[in-house]
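Read in order, the letters of the sequence shown are residues -22 to -1, 1 to 874 in mature numbering (1 follows the signal peptide of the UniProt record, and there is no 0).
A virtual CB, placed ideally from N, CA and C, is assigned to each residue, including glycine.
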Amino acid sequence: MRRLALPAVLSAALAAMSVALAGPPAQAAGPGGAGSADGRLDVLFVGAHPDDEAGALSTLGQWNEDAKAKVGVLTVTRGEGGGNASGTEEGPALGLLRENEERRAVGKAGVTDIHYLDKVDFYYTVSTPLTAETWDHDKTLEKVVRLVRETRPKVIVTMVPAPLPGQHGNHQQAARLATEAYFAAADPKSYPAQLGGEGLRTWAPGRLFQTGGASGPAGSGCAAKGTPSAAASVTYGVWGGRASARNGGKTWAQVEREAQRTYVSQGWGGFPDVPSDPAQIGCDYFRQIHSRVPFTLGNTDPSAMLEGAVLPAKGGLPLGSRFSLTTDAYGVTAGRPFKVTAHASSPKRLRAAKATLAVPTGWNVTGSGGLGTVGRSERTATFTVTPPPGVKAGRTQLSATLTGGGAEGQTAASVEVRPAVTGVLEPLPRVSDFDTWADRTGVPALTGQVKRVLTLASGASRQVRVDLSNTTASAQSGTVGLGLPAGFTADAASKPYTLDAGRTGSATFTVTNTDKSLPTSNEGGTDGDYDLTITTTSSSGDADVQNGALELVPAAELPKAPTAPAVDGKESPGEYPGPELNLSRRWEGSACESADDCSATGKVTWTDKALHVLVEVRDDKQGTVLGADDCKRHWRTDSVEIGIDPRGDSENTSTTFKTGIFPKMSDGKPCFERDADARQGPGEETAPGMKVASTVADPYDGYVVEAEIPFTALPTAVDPRRMGLNVFVYDSDTQDKTGQTRIGWSTWGGVQGDPYRWGLVSLPGHTPPSGMPTTPPAPVMPTDATRSVNAPESIIQAVRTGVPLAAGPAAPRSDTARIAGRPAVSGGSTTVRLLATGPGTAHVHVWDGRLLGTRQVEIRKAGTTTVTVPGATGTLTVAFEAAKGGTASSAVRLGG
């Protein structure tokens, strides 16, 4: 999207804010205010969008109420790229709306501080690298590190950084940033300007967690009965069935659900009630990524994750003690020793301190663990650990206990026992990227979370690579064998290899789907996976068995049309000579109650100039008919989405073509747009020459959509041997701008962002138009982010806490501005004097639960500037951007 000039953004935001932002202003400080409060936190949750914290609010609320922990939230964006089920706001105006929703939601859990980084929220993607590039990773990490050093949280909780199927790339990147900042904030070499020029200090949070990581039953025992999803990991459960005294005895799960319903713009207002019986309520689960402090293994208290960091360790070690384990290698092998080091420090002297290491039965440990007197300076004790011959491969936990001065505490780390030679299925690019990141960042235990899969077109063949690694100090040779499910064959049952000590290699098989009758997509195998095994033998005598899967995607040959189909919303005889595509498979949402409820078929053909697509949809209830000026975010109501990956090799949708087509708008006509692809926006602008038509049944029982998509509208020339194609149908049976069911051709959860799992088609005889590139250009990404200087609620918070806006630096005293004296209110406007010590830009707003008026003023030199802004009630806020960098915030209540 084109970035609008700032005055236009503000004008558009004001015009769009027809729905008042609910809730009174927060307490303001500064001139006429109550004074600055401490912005420090005990716990910081890091997410990408407003509502990302919503599934953890039961836990955050319990910590706030019962452990008196001050909890804050860092949200990278304000969610401008999301849908809007409550109005027509978009861009910065939608960001302000979603900020208000988030502040009201987390307020139910006692959270008052939300920090935004002002990064743009763009479309749903599964790609972390695309997110990192769009957000400018280094600059964003700098902001997160600054905020951690500024607010000094003792515990950080974030999302899942791994590329699990369907996991939003924005979520992954937010979690990566939280993890990197956990380490970087403690490192004086990271962003040293913050420590010098800005006067901050390094800060080392005590513990770091990600959401999820376990599953378990409902009821009060869910914390003790949780099952970790990763072996040797430290996980916790916090039961949502406990009552909240602050919330009238409601269970925390009920409070969390009420908070979630605050996100009306996201269609969450109609979320159903949670069970009234606490025994039917489960736990929020979390996995520990890292810890620097002592804790108690097996502790199932609701505040167990705060132990050692916010709350003293149960064993009596003083708060502020540090105790952790490091290993000189994460991957270890039988018979080869490795080093384990215990690190300890304490704010109070611990005499005759000792670390005791616990290892699996049969493992050999040498080292006394003696630490002497432990004080503020770190002391270490190193052990040599040797796994025995024949030890079983897999991950195992090492734990240690620190004793001293009559107190004790525990910690844990994990290692992975590896066979002499490992053979694993080649990773998807996103998995390889994540594993590299985890190793580089110092959290290798996070690798291996994602099942290794490869897609294969129905009835086709592909190359399957097995990656080999010799973990020993001697050369190894053996065989690699593929165990394939019925309906698949390989060019060989096994293949030989030879690897020198410590080296890597590979073996490649040609695998063919021989049974074309096997179901494809998520209807095939187990949840779409046809499981396979990889067995690797070695000269050491052991064998490694690893698992993986093949995922079958549908395939079709698309013949050329004898003549171009008429784009009239109906099929005439002979127009579409190709096969009929089954578009009735469910990939997300509620199951279709019947074919009449939601089902669809599709046909695709082509001419020299364009692709032609016809989709017939059966639907018993019509969703919201949107205004003719609201042709965007097609997933909110009945619509068809067409995805085209011209070369059939895109890693994410930024190099594809995706269009959303509404069968009928309020003017009775269809419309189309592009979303989540190489170039988003109104169809007429982003896909020149594309045509759509529709026929909507009356009485309503469905519709037909027809589209002509010029090849020149695609980002690259089509590879006629393997073009990626998918067609999705969004079904809404309500009038609240929310969808209930999603069906399509090639279907898995989150598949709209997964081109590698789309169907594959061939266009025999197709010749791309002259001049079409085969390498995609850089995608056009959205840029319209809401800025904190234009967000009154964020400005008020900055005044209250003293933490600068958007995790940026504070304006220098030599170059700042503030409100001088009391503003004057007259005739529906407010006049205020600003006292500046240097040049910059002042953003002045009047806010009373909605944005009443705003002015942007350029201040060129020190002195007093008078500004008049519409609005005469509520709070006047000023955010000053200094010419030298940094912001200053001030606010004052009006009318009293």
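Buried or exposed, going by whether 16 or more other CB atoms sit within 10 Å of the CB of residue i?
i           : result
residue 554 : buried
residue 174 : exposed
residue 87  : buried
residue 329 : exposed
residue 323 : buried
residue 151 : buried
residue 222 : buried
residue 42  : buried
residue 171 : exposed
residue 492 : exposed
residue 269 : buried
residue 32  : buried
residue 523 : exposed
residue 311 : buried
residue 28  : buried
residue 273 : buried
residue 488 : exposed
residue 13  : Caution applies to residue 13, whose pLDDT of 31 falls short of 50 and renders its modelled position unreliable; the value that the coordinates give is listed next. That one is exposed.
residue 808 : buried
Ends of the beta strand (DSSP E) at residue i?
i           : result
residue 688 : 680 to 688
residue 217 : 213 to 217
residue 329 : 328 to 336
residue 259 : Careful: residue 259 lies outside any beta strand (DSSP E) and carries neither H nor E.
residue 804 : 795 to 804
residue 699 : It is not in any beta strand (DSSP E) - residue 699 carries neither H nor E in the DSSP assignment.
residue 394 : 385 to 395
residue 530 : 521 to 531
Please report the distance separating the alpha-carbon of residue i from that of residue j.
i           : j           : result
residue 94  : residue 80  : 11 Å
residue 810 : residue 851 : 13 Å
residue 125 : residue 162 : 12 Å
residue 776 : residue 845 : 21 Å
residue 636 : residue 705 : 10 Å
residue 165 : residue 139 : 22 Å
residue 214 : residue 65  : 39 Å
residue 645 : residue 605 : 7 Å
residue 698 : residue 470 : 30 Å
residue 538 : residue 590 : 10 Å
residue 515 : residue 509 : 20 Å
residue 289 : residue 603 : 54 Å
residue 816 : residue 671 : 59 Å
residue 338 : residue 374 : 8 Å
residue 782 : residue 814 : 17 Å
residue 694 : residue 440 : 23 Å
residue 609 : residue 483 : 51 Å
residue 200 : residue 596 : 43 Å
Name the DSSP beta bridge partners of residue i, please?
i           : result
residue 162 : DSSP lists no partner for residue 162.
residue 576 : 597
residue 360 : 319
residue 814 : 795 and 841
residue 657 : 758
residue 671 : 684
Along the alpha helix (DSSP H) that carries residue i, what are the first and last residues, could you check?
i           : result
residue 273 : Per DSSP, residue 273 belongs to no alpha helix (DSSP H) and is neither H nor E.
residue 109 : 106 to 113
residue 419 : 407 to 419
residue 771 : 770 to 779
residue 231 : 230 to 238
residue 37  : 35 to 44
residue 82  : 70 to 85
Can you give the beta carbon distance from residue i to residue j, rounded, assuming they're within the 8 Å contact cut?
i           : j           : result
residue 229 : residue 245 : Wrong, their Cβ atoms sit about 24 Å apart, outside the cutoff.
residue 718 : residue 568 : 5 Å
residue 365 : residue 395 : 6 Å
residue 92  : residue 24  : Going by Cβ atoms, the distance from residue 92 to residue 24 rounds to 11 Å, so no, they are not a contact pair.
residue 866 : residue 788 : 7 Å
residue 631 : residue 754 : Actually they are not in contact, since the Cβ atoms of residue 631 and residue 754 sit about 11 Å apart, beyond 8 Å.
residue 389 : residue 378 : 6 Å
With a cut-off of 8 Å, does the C-beta of residue i fall near any C-beta of chain D?
i           : result
residue 461 : Among the protein chains of the structure shown there is no chain D, as only one such chain exists.
Measuring only from the beta carbon, is residue i closer than 7 Å to any heavy atom that is part of the ligand MN?
i           : result
residue 112 : This structure lacks the ligand MN; in fact it carries no ligand of any kind.
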